[in-house]
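In this note's numbering, the protein residues as written are 300 to 891. See below for the structure under consideration.
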């Protein structure tokens, strides 16, 4: 699923028509534009004055902000970077509402961002398949009827099928043909015999249509979808017919589709690794890579990555990451929450610092209370981190979190954070300030289990004084770099190798994979929000956060074979494979 989120959220909130050009503004720049605005020539990052020249009826909407004198996020007309702080809470809440609908329909959801997700509907599809076609499945033969694609959105066709549907239709610029099968203006939809895997896709398209319909009926948001047998192809075809349609890509059409796809649009190849390959091999499209044998690619890029590249440019995704898709059961939940602000010019007085602590405290309060209402969790630790001019990387102070029953208003957290800040020496001139709540766990006061703990001794719940120095307080919330992730199967889906755990420096900094800058580890969530606000509405985005394909299982596998070394050949599938038990994993590709 792919969602045109920010402008649509604001359109719904303001009651604007779907054809109204809308741009979401942050300070003096535009971070998201809707399709009517794009049609008028407006782009992201365009200065607001230039946007008005191109489209006088443009409706700019500044993101909600906190004011240093008002710790409640509002839509301010006079938002200024020196006196306000951006709030993304409305977009986070909208995202949660969307994912709740995803999870209502499908238990296997992989979150790819606030506006994007992969849904493995294998179980749903196979259940419907078994119910509708039990006799045909039992016979062990191929399907005996034609597949009706008419109500299921766009269908990618082969050249032969395109000729059958519309003899006058010709591919343009070497691109594959598509047939719109859901409008009165289109030719009659083709009724194709297909095979069991095509029938799976048709039911998958049926499920996608149901989910999209519910999102629109309940939340009034439009979204597009791609339906395929693996995530790489599904992601690519989800962007073909935006903003409010879906596209189904059968395996028989995948090679034609992939041939003309820009190489760096492929998932996991949009960053440095993809650029290296593009430059080294002088290629532009996935089809340009087909002239290289798997052995040649292994020599250049290593055994594991060579095989992966050979497959992925043909739309075959046999990576470990693809296999995980069938095992995911829940959306990853944040273990910490942070509110932060960078000051330019720096703050120089305690009064100003306390005002901003009140703003940050109010933001943290709202987020942890929302989380408690949704998940019954409460954080264990409250931390204040700051950086004064000339300091690097900064200092932190932390203490046990105030008990939930004592947090009757944002002022309680604000006062505790102020106490932490005052315990620090020489914080001015202040360049950066953040408040973090971490160590979330189920609040036992919401359960009758172990009632003795709920009525624990006062000494057990007494808040400690602020005495921890930077190193101990920061490192106590950092995962042990020596520990190895033992999660396998379902839980392992959410342990994204490069995404979840970027390399961390010894000085407490983590490298951002999007901009390559080294960011204070405790500020990564806020930094991620910054990138999200800038890219959320990039309608040309077709790739995930740039990462290399999954590494080989051992160091030996990473070594490059000599040109004369032999690579184990993989068995090619036969046509009879299509008539075997159709209830295979929806996202499990056929290895070639």
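By construction, the Cβ of each residue, glycine as well, lies at the ideal position given by its N, Cα and C atoms.
Go ahead and label residue 787 buried or exposed: buried means 16 or more other beta carbons lie within 10 angstroms of its beta carbon, across all protein chains shown.
-> Annotation note: pLDDT 42 at residue 787 (below 50); position unreliable, no value reported.
Practice problem: Have a look at residue 667 and residue 362 and give me their C-alpha separation to the nearest angstrom. | Solution: So the alpha carbons of these two residues sit roughly 21 Å apart.
* Tell me, which residues are paired with residue 699 by DSSP? -> 680
| field | Proximity to residue 399 [Cα-Cα], best of 637, 414, 541 | value | 414
- Item | Cross-strand partners of residue 383 (DSSP beta bridge) | 366
Start and end residues, alpha helix (DSSP H) containing residue 719 = 709-721
Q. Where does residue 729 fall in DSSP's three states?
A. Residue 729: strand per DSSP, three-state reduction.
Checklist entry - Can at least three beta-carbon pairs, one atom from the stretch 355-371 and one from the stretch 324-336, be found at a separation below 8 Å? => result yes
Fill in: Local Cβ density within 10 Å of residue 578, reported as buried at 16 or more and exposed below that
exposed
Discussion item. Could you compute how far the alpha carbon of residue 410 sits from the alpha carbon of residue 494?
Written reply: 30 Å
(request) Determine the burial state of residue 373: buried for a count of at least 16 other Cβ atoms within 10 Å of its Cβ, exposed for fewer. (result) exposed
Note to self: Between which residues of its own chain and residue 371 is the CB-CB distance below 8 Å, once the five residues before and five after are set aside?
What the structure shows: 365, 661
Check your understanding: Got a sec, what are the start and stop residues for the alpha helix (DSSP H) residue 358 sits in?
Key -> That residue, residue 358, is in no alpha helix (DSSP H); its beta strand (DSSP E) goes 358-361.
| said: So, for residue 550: in the same chain, excluding its five sequence neighbours on each side, which residues have a beta-carbon less than 7 Å away from its beta-carbon? | reply: 496, 528
Worksheet entry | Closest by C-alpha distance to residue 598, when choosing among 611, 585, 580, 613 | 580
query: Opposite residue 410 in the DSSP bridges: which residues?
result: Among the bridge pairs identified by DSSP, residue 410 is matched with 416.
I'd like to check one pair, residue 391 with residue 673: are the Cβ atoms closer than 9 Å? In this structure, residue 391 does not lie closer than 9 Å to residue 673 by Cβ.
What do you reckon, are the CB atoms on residue 547 and residue 561 nearer than 9 Å? Not a contact, by the Cβ cut-off of 9 Å.
query = Among residues of its own chain, excluding the 5 on either side of residue 532, which ones have a beta-carbon nearer than 7 Å to its beta-carbon?
reply = The beta carbon of residue 532 lies closer than 7 Å to those of 548, 553, 614 in the same chain, with the five residues before and after it left out.
### Message
Pull the bridge partners of residue 506 from the DSSP assignment, please.
### Response
DSSP lists no partner for residue 506.
For residue 536, three-class secondary structure by DSSP:
helix
Specify, as a first and last residue, the run of the beta strand (DSSP E) that residue 640 falls within.
635-646
request  = With a cut-off of 8 Å on the beta carbons, I'd call residue 688 and residue 645 a contact; round off their distance for me.
outcome  = So it is a contact: roughly 6 Å between Cβ atoms.
### Message
Rounded to the nearest angstrom, what separates residue 313 and residue 715 at their Cα positions?
### Response
If you take the alpha carbons of residue 313 and residue 715, they lie about 37 Å apart.
Under the three-state reduction of DSSP, which class applies to residue 454: helix, strand or coil? strand
query = Where are the alpha helix (DSSP H) runs, 4 residues long or more, that stay fully inside the stretch 539-623, in chain order?
reply = 553-558, 571-580, 593-600, 602-611, 619-623
Open item on the list: For a cutoff of 9 Å on Cβ pairs, would you count residue 361 as touching chain D?
Closed with: Reference to chain D is not applicable here, since this structure consists of a single protein chain.
State the DSSP-derived secondary structure class of residue 525, mapped to helix, strand or coil. strand
Pick helix, strand or coil for residue 394, following the three-state DSSP scheme.
-> helix
Name the residue from 383, 512, 557 whose alpha carbon lies nearest to the alpha carbon of residue 586.
-> With distances taken between Cα atoms, residue 586 lies closest to 557.
#### Entry: Rounded C-alpha distance that separates residue 594 from residue 617
17 Å
Given a threshold of 16 other Cβ atoms within 10 Å of its Cβ, counted over all protein chains shown, does residue 519 qualify as buried or as exposed? exposed
- request: Determine which residues share a DSSP beta bridge with residue 740 and list them.
  value: 677
Q) Cβ of residue 652 within 9 Å of Cβ of residue 729? A) yes
Practice problem: Give the C-beta separation of residue 732 and residue 634 to the nearest angstrom, bearing in mind that I take them to be a contact with Cβ-Cβ under 8 Å. | Solution: By a beta-carbon distance limit of 8 Å, residue 732 does not contact residue 634. Their separation comes to about 22 Å.
Contact set for residue 351: own chain, Cβ-Cβ below 7 Å, skip 5 residues either direction | 357
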